[in-house]
Structures are given as C-alpha cells and as structure tokens.
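Peer 1: Quick one: structure below, then a few questions.
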Amino acid sequence: MSTSLPPAPAQGVDPSPPPAPLHRHPGLVAFLGARTASSFSACVQAVAVGWQIYALTHSTMALALVGLAQFLPMAGLLLPAGHAADHFNRRRIVVTCQGIEALSALLMAAGAFGGWTAPWMIYAMVMVFGAARAFEMPCQQTFLPSLVPAHVFPRAAAVSSSLFQAAAVTGPSLGGLLYGAGAGVCYLVCAMGFACACVSTLRIRLVFAPRPRVPLSVATFVEVMHFLRARPDMLGAISLDLFAVLLGGATAMLPVYASDILHAGPLGLGLLRAAPAIGAVLCSVMLVWKPLNHRAGRRMFLSVAIFGVATLVFALSRSMAVSIIALAVLGAADVVSVVVRSALVQLRTPDSMRGRVSAVNMLFIGSSNQLGEFESGTVASLIGPVAAVALGGVGTLLITAAWIRMFPTLWRLDRLDDITPD
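In this text, residue positions in the sequence shown follow the working numbering: the first is 6, and each later residue adds one.
The structure is reproduced here in structure tokens:
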C-alpha cells in the first residue's frame, strides 16, 4: 500500500487555519451580553423618560432639556473618564457605573409607583445616568480589541452592533407596552437589565496591567489632539458623525410625532423608536457576512447621505408606515458609519491611549445624540417640529458634501481588516 504526503503549501500562500468562531474567543460572549442588557435597559428608559416628561409638561422644550441634562455631565466628565480608563481597572469602572444606573432606575421606579415623580426628578435621574455613562462608555469601548484579534474585529464589531440594535428594537417596543402599565414598570425593568449587565461584565476575562499613574492635566489631552490631527481619516469619521447626527437627529421629536402628528399613542412611540434599530439590525447582520473590506470610506459617505434623505422623508411623512420605513432606512445607514468609525478608533489607537481617544469619540457621539436632542427641541419650539426635522435632513446632506472635500483620505479609505496601530 502506498501513501502520499499532502501537498506543500504554495509559496507565498498563508497556510494558517481559518479563524475560530467568534464565540470561542474568551470573554466575548460575556461582553456582548453585558452591552446588550445595558443597551436594552437604556432604550426602555428612553421611552419612559420621553413619554413621561411630555405627559407632565406637554412641552418640546422639556424634551430638549432631557437631552441637555444627559449631555452636560457627559461633556464635563468624559475627558477625566478617559484618563481614568487609561490608568485604572477598566472592568471595575464599568461594573461600578452599571450598579449606579441600576440604583437610579430603581429610585425612579419607586417615585413612579408612589406618584411623587416631578419633572426635576427626571432631569436629575438623567444627569446621574449621563455621569455614569461618561465613565462607563470609554472603558467599555476598549474591551472588544482586547478580546479579539485585529483581523476578526470587523466581524465582531458587526455582531456587537447587531445585538445592540436588536436590543434597541425590543427595548422601545417593550417600553411602549410596559408604559401602558405605568412608568414604574418600565423603570423596574431597566433596573433589572442594568443589574444583569453588571453581572455579565464581572464575567469578562480581561488582564489588567497597572500603568504608571500620570496626573490629569491638559498635556495628556493635548497629546490626544495631536494624535487625532495626525490621522485625518479618524478625525473625519468622528466629526462627520457628530455634525450629521447633531443636525439630522429626529429621535427627540418622536414623542411629538407619535402624539400630535401621527396620533399613534405610547405603543406607536415604541414602534417609531424601534424602527431605526430594525433597519440597523438588518444592516449589521449583512455586515457580519460581508464585512466592509472594499471602498469603506465611500460607502460611509454614501450611508450618511442616505441618513439625511431618510430624515427628510420622515419629517414630511404623515403616514405611520412611511415614517417607520424612513426611520428603518435611517438606522441601517447609521450602522455603516458606526462600524467604520469603531474600526478606525479602536484598531488604529495604541492601548495606552485607547481610553482617552475613546472618550473623545464618545464625547462626539454624546454631543451628536444628546446635544442634538436639545438642538432639535429648541429649533422645534421656534419653527415647529416638522420644519426642524426637515432642516436637519438638509443640513446632513450639506455636511456630507463638505466633509468629502475636507477629508479626502477618508473618502479613499478602502479596507478595514488591515488597520493596525501606528
């Protein structure tokens, strides 16, 4: 009997085995569970807060103040939080913040069940939540590149985004249903979700390597600014998201649309809030199977332009079905920007600076979301909600065109799976 040896691998061909399934990477499942539970709870809370504050005040300015109340502590604390993420145990910081979020939601549940909730209490709870998120998010953003190798990161980021958006689908829908039983039920579910996230975070396997303590100073963040200025593609991706969502954010007006324009009630508000996440889930699942490894920059700009068009369609719609479709397209377009930005920020940044760079990234995201809600509510109080959302959609298109000219390296960005720290 003769035997034959397997052919030798061709010269220049990588003989390494295919990458292991994502769930085989230690700690990844726990990370995804923690992020999903936290996101789900935040979405349920957003429905309860938006509907409750509007029911108490019937004021678009009150909706704007909710966004401002969450943004101000995030803006004031994110940079110190980024410094803490680079010098202290990141997992311990995240666990502490998730515990605070659970306790604040439990307090709001007690207030709702007792019937002594006032608008100032909602603003205070949102501020506490914003402060906790300021420390939690930069640390949590650094977990994924520590759990998976660089060539797996785009797929893992897409899975993380799909689960995040799945939570954003179920959270608002369930929040709308639960609000029919009372705001207290919503807040109680939020407290349970944040507690589950805390337990899952404790199960993440991360190695904490203590670094020399450096005092918090302006110089530590000047270093970050120089780092970003030397990488225009990263700076362009972060700032594009800031201005596009700041101008084009329609989510702050959803309670007004559900109540006064579409006449859909609390359940309709839940469906409207879920619609962007539905589109985002579909897009994220597609990116798991077909990662953005070709013309990533151009596809990012195209997706932001689609975001602006979808915002404009939603603004002018008087049909619940058309509004849901427009919001779903808006959510799908936003995912592309999220994946590109995450890959640039997390893979191109050395671990010693990852907390501070993530803090700057989260500051931009927080500005676009929370400050965008304040901007939308303020403009809506002056010219009306429809005109405010439509103006935002047009502004997003103008920003996209301007950023293509200002950041040509981002426009030419091709692949994401070969990005490594400089």
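Beta carbons are placed, not taken as given, at the ideal position from N, Cα and C, and that holds for glycine. This structure is a prediction, so every number in the text was calculated from the model and none was measured.
Check whether the stretch 197–207 touches the stretch 119–132, taking contact to mean three or more Cβ pairs, one atom from each stretch, closer than 8 Å.
Peer 2: No: the two stretches stay apart, fewer than three of their Cβ pairs being nearer than 8 Å.
Peer 1: Output the distance between the C-alpha atoms of residue 351 and residue 363, rounded to the nearest integer angstrom.
Peer 2: Approximately 8 Å, taken between the alpha carbons.
Peer 1: Quick one, are the C-beta atoms of residue 167 and residue 345 less than 8 Å apart?
Peer 2: Contact flag unset, no.
Peer 1: Considering only residues of the stretch 276–330, which uninterrupted alpha helix (DSSP H) runs meet the minimum length of 4 residues and lie entirely inside it, listed in chain order?
Peer 2: Listed in chain order, the complete alpha helix (DSSP H) runs (minimum 4 residues) inside the stretch 276–330 are 301–321.
Peer 1: What number of angstroms, rounded off, separates the C-alpha of residue 147 from the C-alpha of residue 233?
Peer 2: Distance between the alpha carbons of residue 147 and residue 233 is about 17 Å.
Peer 1: Evaluate the contact criterion for the stretch 104–113 versus the stretch 312–320: three or more CB pairs, one atom per stretch, below 8 Å.
Peer 2: Not touching, per the Cβ criterion.
Peer 1: Kindly indicate which three-state DSSP category residue 412 falls into: helix, strand or coil?
Peer 2: Three-state DSSP puts residue 412 in coil, outside helix and strand.
Peer 1: On the CB-based measure, 16 or more other CB atoms within 10 Å of its CB, does residue 294 come out buried or exposed?
Peer 2: So residue 294 ends up on the exposed side.
Peer 1: Below 8 Å, how does it come out for the stretch 175–184 and the stretch 42–49: are there three or more Cβ pairs, yes or no?
Peer 2: Counting Cβ pairs under 8 Å, three or more are found: they touch.
Peer 1: Between the C-alpha atoms of residue 505 and residue 197, what's the straight-line distance to the nearest angstrom?
Peer 2: A question about residue 505 goes unanswered here, because the residues of the chain that appear run from 6 up to 427.
Peer 1: Curious, which full-length alpha helix (DSSP H) runs of at least 4 residues does the stretch 80–124 contain?
Peer 2: If we require 4 residues or more, the alpha helix (DSSP H) runs fully inside the stretch 80–124 come out as 95–119.
Peer 1: Does the distance from the CB of residue 165 to the CB of residue 37 come in under 8 Å?
Peer 2: Contact flag set, yes.
Peer 1: Tell me the residue span of the alpha helix (DSSP H) that contains residue 153.
Peer 2: That residue, residue 153, is in no alpha helix (DSSP H); it is neither H nor E in DSSP.
Peer 1: By the 10 Å Cβ neighbour count, where 16 or more other Cβ atoms means buried, how is residue 428 classified, buried or exposed?
Peer 2: The chain is shown only over 6 to 427; residue 428 falls outside these bounds and no answer can be derived.
Peer 1: In this structure, does DSSP put residue 187 in helix, strand or coil?
Peer 2: DSSP places residue 187 in coil when its eight states are reduced to three.
Peer 1: Could you tell me the distance, in whole angstroms, from the CA atom of residue 134 to the CA atom of residue 255?
Peer 2: Looking at the two C-alpha atoms, the distance is approximately 22 Å.
Peer 1: Give the range of the alpha helix (DSSP H) segment to which residue 46 is assigned.
Peer 2: 33–62 is the span of the alpha helix (DSSP H), which, as asked, contains residue 46.
Peer 1: Within this structure, are the beta carbons of residue 398 and residue 257 separated by less than 8 Å?
Peer 2: Contact: no.
Peer 1: For residue 429 and residue 307, what's the separation of their Cα atoms in angstroms?
Peer 2: Summary: the structure shown does not reach residue 429, with the chain confined to residues 6 through 427, and so no result is reported for it.
Peer 1: Less than 8 Å between the beta carbons of residue 169 and residue 40, yes or no?
Peer 2: Going by C-beta atoms, residue 169 is nearer than 8 Å to residue 40.
Peer 1: Under a three-way DSSP split, which group does residue 209 fall into?
Peer 2: In this structure, residue 209 counts as coil in the three-state DSSP scheme.
Peer 1: According to DSSP, is residue 353 helix, strand or coil?
Peer 2: Residue 353: coil per DSSP, three-state reduction.
Peer 1: Starting from the C-beta of residue 57, find all residues in its chain whose C-beta is less than 6 Å away, skip the five residues before and the five after it, and write them out in chain order.
Peer 2: Excluding residues within five positions, the ones whose Cβ falls inside 6 Å are 188.
Peer 1: Does the beta-carbon of residue 97 have 16 or more other beta-carbons within 10 angstroms, so that it is buried, or is it exposed?
Peer 2: Exposed, since its Cβ has fewer than 16 Cβ neighbours within 10 Å.
Peer 1: Please state whether the Cβ-Cβ distance between residue 334 and residue 284 is less than 8 Å.
Peer 2: Yes.
Peer 1: Classify residue 360 as helix, strand or coil using the three-state DSSP reduction.
Peer 2: In the structure shown, residue 360 sits in a helix (DSSP, three-state: H, G or I).
Peer 1: Mind checking residue 388: buried by the 16 CB within 10 Å criterion, or exposed?
Peer 2: Its Cβ having fewer than 16 others within 10 Å, residue 388 is exposed.
Peer 1: Quick check: the Cα distance between residue 186 and residue 193, rounded to an integer number of angstroms?
Peer 2: Rounded to the nearest angstrom, the two C-alpha atoms are 12 Å apart.
Peer 1: So is residue 224 buried or exposed if we call it buried at 16+ other beta carbons inside 10 Å?
Peer 2: With fewer than 16 Cβ atoms within 10 Å of its Cβ, residue 224 is classed as exposed.
Peer 1: To the nearest angstrom, report how far apart residue 238 and residue 360 are at their CA atoms.
Peer 2: Rounded to whole angstroms, residue 238 to residue 360 spans 19 Å at the Cα level.
Peer 1: Could you give the residue range of the alpha helix (DSSP H) that holds residue 225?
Peer 2: Run containing residue 225: 223–234, per the alpha helix (DSSP H) assignment.
Peer 1: Contact defined as beta carbons within less than 8 Å: I believe residue 272 pairs with residue 260. What is the distance between those atoms, to the nearest angstrom?
Peer 2: Not really, about 13 Å apart at Cβ, beyond 8 Å.
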